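The sequence shown begins at 335 in this note's numbering and counts up one residue at a time.
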Amino acid sequence: ANGMAADSAENLYVADMTFLPTGKIVKVTVSGTANPVTSQETWLSSGNGVHSPNGMCIRDDILYFTDYNMLSSKQASVKKVAINGGEPGDVQTLHSAAGLYDDLDAVIYKGRPTVAVAGYFVGNVLVIDEETGTVTRVGGSTLQCPSSVHFGDGRWVGTDEFIVTEVGMLYEPYSGYGNRVSILPIPE
């Protein structure tokens, strides 16, 4: 399992990423505390257009997730699906390209539904305006394997900024390559 997110009814959705087109999103229901799990079911799978889900978040009972399909020329996708009383709506693709997308965040930014996505291999953050479909890249390939991105909430990261974790080279703790947290301005 990789990413997870909880809806307003306190169901937990978990990405079962495989890198093969056999991944799925599992819905887990718990009673009161995280133990015991009262039910676990496959919520979406390849038959619904889900191949290998990764990062996940929920805004307004819409589940956003990154997906990877090694059999496609545009392997990396950002998708969304409405949660209707715990049942999935139709999966919609917001954006796809060659590469690998990791984590994401979805907010209403300046009155517009906006999604930020960590572009792991390309070294930037994609900002998607859901209303227009416009994609803006931030970081200009200066980020080193960005893994997670979140919009600032005004406390210690401004409301006009992102916070981004950078993995860099795995198992290489000695250089300044990656292994850091960056704060970037959100483009206008």
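Each residue gets a CB set at the ideal place from its N, CA and C atoms; glycine is no exception. Fair warning: this is a prediction, and the values are worked out from it, not measured in the lab.
When the options are compared against residue i, the one with the closest alpha-carbon
i	options	result
Leu460	Pro480, Gly381, Asn403, Ser380	Pro480
Gly488	Ile517, Glu465, Val425	Ile517
Ala452	Lys414, Val415, Gly419, Val498	Val498
Ala339	Gly473, Gly445, Pro519, Ala440	Ala440
Gly381	Lys408, Val364, Trp490, Pro422	Pro422
Ser407	Gln426, Lys444, Ser430, His385	Ser430
Cys391	Gly473, Val491, Val472, Ser342	Ser342
Gly445	Tyr347, Ile359, Asn345, Glu522	Glu522
Gly474	Ile520, Val491, Thr493	Ile520
Thr376	Arg393, Gly357, Asp394, Gly492	Gly357
Val384	Asp394, Thr363, Gln426, Asp395	Gln426
Leu483	Gln374, Thr363, Pro355, Asn458	Strictly speaking, residue 483 in this sequence is Val, with Leu absent from that position. Closest by alpha carbon: Asn458.
Tyr402	Trp490, Asp394, Thr352	Thr352
Ala410	Arg393, Asp394, Gly389	Gly389
Gln374	Tyr347, Val491, Trp490	Tyr347
Within 9 Å, strictly: CB atoms of residue i and residue j
i	j	result
Pro387	Asp437	no
Leu434	Phe455	yes
Val412	Asp424	no
Gly467	Phe399	no
Leu397	Ile359	yes
Gly420	Lys361	yes
Ile417	Asn345	yes
Pro447	Leu405	no
Asn486	Thr476	The identity of residue 486 in the sequence shown is Gly, whereas the question assumes Asn. For Gly486 and Thr476, no; Cβs fall outside 9 Å.
Ile462	Val472	no
Cβ distance (whole Å) where residue i is taken to contact residue j below 8 Å
i	j	result
Val449	Glu465	Not confirmed; about 11 Å, so no contact.
Glu500	Gln478	5 Å
Ser365	Thr372	5 Å
Span of the beta strand (DSSP E), counted from its first residue to its last, around residue i
i	result
Arg532	What is shown of the chain runs 335 to 522, which leaves residue 532 out entirely.
Ile417	410-418
Ile520	Segment: none, Ile520 is in no beta strand (DSSP E) and carries neither H nor E.
Ala343	Per DSSP, Ala343 belongs to no beta strand (DSSP E) and is neither H nor E.
Leu428	426-431
Test: residue i CB closer than 9 Å to a CB of chain D
i	result
Glu344	No chain D is part of this structure, which consists of one protein chain only.
beta-carbon residue i near the ligand HEM non-hydrogen atom, thresh 8 Å
i	result
Asp341	Among the ligands in the structure shown, none appear at all, so the ligand HEM cannot be discussed.
Open item on the list: Which runs of the alpha helix (DSSP H) at least 4 residues long sit entirely within the region 444-477? Give them in chain order.
Closed with: none
Open item on the list: So within the region 346-407, which uninterrupted beta strand (DSSP E) runs reach at least 3 residues, ignoring any that extend past its ends?
Closed with: 346-350, 358-364, 371-378, 387-393, 396-402
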